[in-house]
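The structure appears below as C-alpha coordinates.
Numbering (our numbering), first residue to last: 2 to 214.
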(Lines of atoms letter the chains of each structure in order from A; the text may use other names.)
(Lines give C-alpha, C1' and ligand atoms only; values in the text may rest on other atoms or scores of the structure.)
Protein backbone atom coordinates (compact mmCIF):
# COMPACT_ATOMS: atom_id res chain seq x y z
CA UNK A 2 0.00 0.00 0.00
CA UNK A 3 1.35 3.41 -0.97
CA UNK A 4 2.19 5.97 1.68
CA UNK A 5 0.84 9.52 1.82
CA UNK A 6 2.54 11.81 -0.76
CA UNK A 7 4.29 14.04 1.84
CA UNK A 8 5.85 10.96 3.43
CA UNK A 9 6.93 9.66 0.04
CA UNK A 10 8.64 12.92 -0.83
CA UNK A 11 10.41 12.86 2.52
CA UNK A 12 11.59 9.31 1.86
CA UNK A 13 13.02 10.31 -1.51
CA UNK A 14 14.95 13.10 0.21
CA UNK A 15 16.18 10.85 3.04
CA UNK A 16 17.21 8.04 0.71
CA UNK A 17 18.89 10.67 -1.50
CA UNK A 18 17.77 11.86 -4.94
CA UNK A 19 20.78 10.21 -6.65
CA UNK A 20 19.84 6.82 -5.19
CA UNK A 21 16.18 7.29 -6.09
CA UNK A 22 16.84 8.63 -9.58
CA UNK A 23 16.93 5.14 -11.10
CA UNK A 24 13.57 4.32 -9.57
CA UNK A 25 12.05 7.63 -10.60
CA UNK A 26 13.30 7.10 -14.15
CA UNK A 27 11.69 3.68 -14.16
CA UNK A 28 8.39 5.16 -13.01
CA UNK A 29 8.17 8.24 -15.25
CA UNK A 30 9.10 10.47 -12.27
CA UNK A 31 6.05 9.34 -10.32
CA UNK A 32 7.21 9.65 -6.70
CA UNK A 33 4.55 7.32 -5.32
CA UNK A 34 5.35 4.55 -7.78
CA UNK A 35 9.10 5.06 -7.35
CA UNK A 36 8.90 4.60 -3.58
CA UNK A 37 6.76 1.48 -4.03
CA UNK A 38 9.29 0.14 -6.53
CA UNK A 39 12.14 0.85 -4.11
CA UNK A 40 10.37 -1.08 -1.36
CA UNK A 41 9.72 -3.97 -3.71
CA UNK A 42 13.35 -3.95 -4.87
CA UNK A 43 14.42 -4.36 -1.24
CA UNK A 44 11.97 -7.22 -0.74
CA UNK A 45 13.02 -9.13 -3.85
CA UNK A 46 16.68 -8.54 -3.00
CA UNK A 47 16.18 -10.10 0.42
CA UNK A 48 14.41 -13.06 -1.17
CA UNK A 49 17.31 -13.60 -3.55
CA UNK A 50 19.84 -13.17 -0.76
CA UNK A 51 18.27 -16.08 1.15
CA UNK A 52 18.66 -18.42 -1.84
CA UNK A 53 22.16 -17.17 -2.57
CA UNK A 54 23.12 -17.74 1.06
CA UNK A 55 22.30 -21.44 0.77
CA UNK A 56 24.21 -21.67 -2.50
CA UNK A 57 27.30 -19.86 -1.22
CA UNK A 58 27.60 -21.89 1.97
CA UNK A 59 27.04 -25.18 0.15
CA UNK A 60 29.64 -24.41 -2.52
CA UNK A 61 32.34 -23.28 -0.12
CA UNK A 62 31.77 -26.28 2.14
CA UNK A 63 31.84 -28.70 -0.80
CA UNK A 64 35.11 -27.23 -2.12
CA UNK A 65 36.65 -27.08 1.34
CA UNK A 66 35.74 -30.70 2.10
CA UNK A 67 37.12 -31.84 -1.24
CA UNK A 68 40.44 -30.02 -0.96
CA UNK A 69 40.84 -30.98 2.70
CA UNK A 70 40.37 -34.65 1.80
CA UNK A 71 42.79 -34.31 -1.10
CA UNK A 72 45.68 -32.88 0.92
CA UNK A 73 45.05 -35.41 3.67
CA UNK A 74 44.56 -35.28 7.45
CA UNK A 75 46.75 -32.99 9.47
CA UNK A 76 47.24 -30.57 6.57
CA UNK A 77 45.36 -27.31 6.14
CA UNK A 78 45.10 -26.46 2.44
CA UNK A 79 44.61 -22.80 3.40
CA UNK A 80 47.91 -22.68 5.28
CA UNK A 81 50.60 -20.58 3.56
CA UNK A 82 53.00 -23.51 3.91
CA UNK A 83 50.63 -25.95 2.24
CA UNK A 84 51.96 -27.65 -0.88
CA UNK A 85 48.64 -27.28 -2.69
CA UNK A 86 49.32 -25.55 -6.05
CA UNK A 87 47.73 -22.14 -5.59
CA UNK A 88 48.68 -19.02 -7.53
CA UNK A 89 50.09 -16.00 -5.64
CA UNK A 90 46.86 -14.07 -6.21
CA UNK A 91 44.83 -16.89 -4.68
CA UNK A 92 47.13 -17.07 -1.67
CA UNK A 93 46.84 -13.30 -1.27
CA UNK A 94 43.05 -13.59 -1.05
CA UNK A 95 43.43 -16.30 1.58
CA UNK A 96 45.80 -14.04 3.53
CA UNK A 97 43.20 -11.27 3.54
CA UNK A 98 40.58 -13.72 4.81
CA UNK A 99 42.99 -14.93 7.49
CA UNK A 100 43.57 -11.36 8.67
CA UNK A 101 39.82 -10.79 8.89
CA UNK A 102 39.37 -14.01 10.82
CA UNK A 103 41.99 -12.81 13.32
CA UNK A 104 40.23 -9.53 14.09
CA UNK A 105 39.83 -8.88 17.76
CA UNK A 106 42.74 -11.16 18.57
CA UNK A 107 40.70 -14.35 18.34
CA UNK A 108 42.46 -17.61 17.45
CA UNK A 109 42.34 -18.28 13.73
CA UNK A 110 40.45 -21.49 13.06
CA UNK A 111 40.22 -23.08 9.62
CA UNK A 112 36.46 -22.63 9.49
CA UNK A 113 36.75 -18.94 10.29
CA UNK A 114 39.08 -18.41 7.33
CA UNK A 115 36.73 -20.33 5.02
CA UNK A 116 33.82 -18.16 6.14
CA UNK A 117 35.79 -14.97 5.44
CA UNK A 118 36.59 -15.91 1.84
CA UNK A 119 34.39 -14.07 -0.63
CA UNK A 120 31.84 -15.69 -2.92
CA UNK A 121 34.08 -14.85 -5.86
CA UNK A 122 36.97 -16.85 -4.42
CA UNK A 123 35.26 -20.18 -5.06
CA UNK A 124 34.65 -19.89 -8.81
CA UNK A 125 38.23 -18.61 -9.14
CA UNK A 126 39.34 -22.13 -8.18
CA UNK A 127 37.45 -23.39 -11.25
CA UNK A 128 39.40 -21.22 -13.68
CA UNK A 129 41.31 -22.65 -16.64
CA UNK A 130 44.55 -22.19 -14.72
CA UNK A 131 43.42 -24.77 -12.17
CA UNK A 132 41.98 -27.34 -14.55
CA UNK A 133 44.89 -29.78 -14.25
CA UNK A 134 46.06 -28.88 -10.77
CA UNK A 135 42.77 -28.69 -8.82
CA UNK A 136 39.78 -29.66 -10.96
CA UNK A 137 40.98 -32.94 -12.43
CA UNK A 138 42.60 -34.40 -9.29
CA UNK A 139 40.16 -33.09 -6.65
CA UNK A 140 37.22 -30.85 -7.50
CA UNK A 141 35.79 -32.77 -10.45
CA UNK A 142 34.72 -35.56 -8.11
CA UNK A 143 33.08 -33.00 -5.81
CA UNK A 144 30.83 -31.78 -8.63
CA UNK A 145 30.20 -34.90 -10.76
CA UNK A 146 27.16 -33.39 -12.51
CA UNK A 147 28.95 -30.27 -13.70
CA UNK A 148 31.31 -29.17 -16.41
CA UNK A 149 33.97 -26.98 -14.89
CA UNK A 150 33.47 -23.99 -17.18
CA UNK A 151 29.68 -24.09 -16.87
CA UNK A 152 29.82 -24.31 -13.09
CA UNK A 153 32.37 -21.48 -12.94
CA UNK A 154 30.32 -19.20 -15.20
CA UNK A 155 27.10 -19.88 -13.32
CA UNK A 156 28.75 -19.21 -9.98
CA UNK A 157 30.23 -15.97 -11.30
CA UNK A 158 26.77 -14.89 -12.45
CA UNK A 159 25.30 -15.78 -9.05
CA UNK A 160 28.11 -13.88 -7.35
CA UNK A 161 27.42 -10.77 -9.40
CA UNK A 162 23.77 -10.86 -8.35
CA UNK A 163 24.74 -11.53 -4.75
CA UNK A 164 26.92 -8.43 -4.68
CA UNK A 165 24.17 -6.30 -6.17
CA UNK A 166 21.54 -7.36 -3.67
CA UNK A 167 24.01 -7.21 -0.76
CA UNK A 168 24.85 -3.59 -1.62
CA UNK A 169 21.19 -2.59 -2.05
CA UNK A 170 21.60 -1.84 -5.75
CA UNK A 171 18.62 -1.66 -8.13
CA UNK A 172 17.85 -5.07 -9.60
CA UNK A 173 14.31 -4.45 -10.82
CA UNK A 174 15.45 -4.00 -14.43
CA UNK A 175 17.07 -7.46 -14.55
CA UNK A 176 15.33 -10.57 -15.83
CA UNK A 177 14.78 -11.76 -12.29
CA UNK A 178 12.80 -14.83 -13.28
CA UNK A 179 15.80 -16.00 -15.28
CA UNK A 180 18.14 -15.19 -12.40
CA UNK A 181 16.00 -17.27 -10.05
CA UNK A 182 15.99 -20.24 -12.42
CA UNK A 183 19.75 -20.03 -12.87
CA UNK A 184 20.31 -20.13 -9.10
CA UNK A 185 18.24 -23.30 -8.90
CA UNK A 186 20.15 -24.79 -11.84
CA UNK A 187 23.58 -24.15 -10.35
CA UNK A 188 22.35 -25.40 -6.96
CA UNK A 189 21.31 -28.66 -8.64
CA UNK A 190 24.80 -28.97 -10.11
CA UNK A 191 26.20 -28.73 -6.60
CA UNK A 192 23.63 -31.13 -5.11
CA UNK A 193 20.17 -32.00 -6.52
CA UNK A 194 18.55 -31.76 -3.11
CA UNK A 195 19.96 -28.26 -2.66
CA UNK A 196 18.22 -27.20 -5.86
CA UNK A 197 15.00 -28.77 -4.62
CA UNK A 198 15.34 -27.01 -1.26
CA UNK A 199 15.88 -23.58 -2.77
CA UNK A 200 13.02 -24.08 -5.21
CA UNK A 201 10.69 -25.25 -2.43
CA UNK A 202 11.55 -22.64 0.19
CA UNK A 203 12.43 -19.52 -1.79
CA UNK A 204 10.15 -16.50 -1.48
CA UNK A 205 11.37 -15.17 -4.82
CA UNK A 206 8.51 -16.35 -7.04
CA UNK A 207 5.91 -14.94 -4.65
CA UNK A 208 7.70 -11.59 -4.43
CA UNK A 209 8.10 -11.40 -8.22
CA UNK A 210 4.33 -11.77 -8.57
CA UNK A 211 3.85 -8.78 -6.26
CA UNK A 212 5.89 -6.39 -8.38
CA UNK A 213 4.14 -2.99 -8.36
CA UNK A 214 2.72 -1.70 -11.60
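Positions of the beta carbon are idealized from the N, C-alpha and C atoms, including for glycine.
The three-state reading of DSSP puts residue 122 in helix, counting H, G and I together. Cβ contact annotation for residue 186 (same chain, cutoff 8 Å, sequence separation greater than five): 155 and 196, in chain order. At the C-beta level, residue 42 and residue 173 come within 9 Å of one another.
In the same chain as residue 91, and ignoring 5 residues on each side of it, the C-beta atoms closer than 7 Å to its own belong to 125, in chain order.
Comparing alpha-carbon positions, the option among 169, 149, 175 and 77 lying closest to residue 40 turns out to be 169. Beyond the five residues adjoining it in sequence on each side, residue 78 comes within less than 7 Å, by CB distance, of 68, 69, 72 and 85 in the same chain, given in chain order.
Cβ contact annotation for residue 118 (same chain, cutoff 8 Å, sequence separation greater than five): 61, 94, 95 and 98, in chain order. Look at residue 150 here: in three-state DSSP terms it is helix. The C-beta of residue 9 has 16 or more other C-beta atoms within 10 Å across all chains shown, which makes the residue buried. Residue 52 is a Cβ neighbour of residue 188, given a cutoff of 9 Å. The residue from 103, 64 and 207 with its alpha-carbon nearest to that of residue 142 is 64.
In terms of CA proximity to residue 167, 50 leads the group 50, 26, 11 and 23.
Note that the C-beta distance between residue 59 and residue 191 is below 9 Å. Per DSSP, reduced to three states, the secondary structure at residue 44 is helical. Assignment of residue 175 by DSSP, reduced to helix, strand and coil, places it in the coil class. Burial of residue 135 is indicated by the presence of at least 16 other C-beta atoms within 10 angstroms of its C-beta.
Per DSSP, the continuous alpha helix (DSSP H) segment holding residue 95 begins and ends at 89-102.
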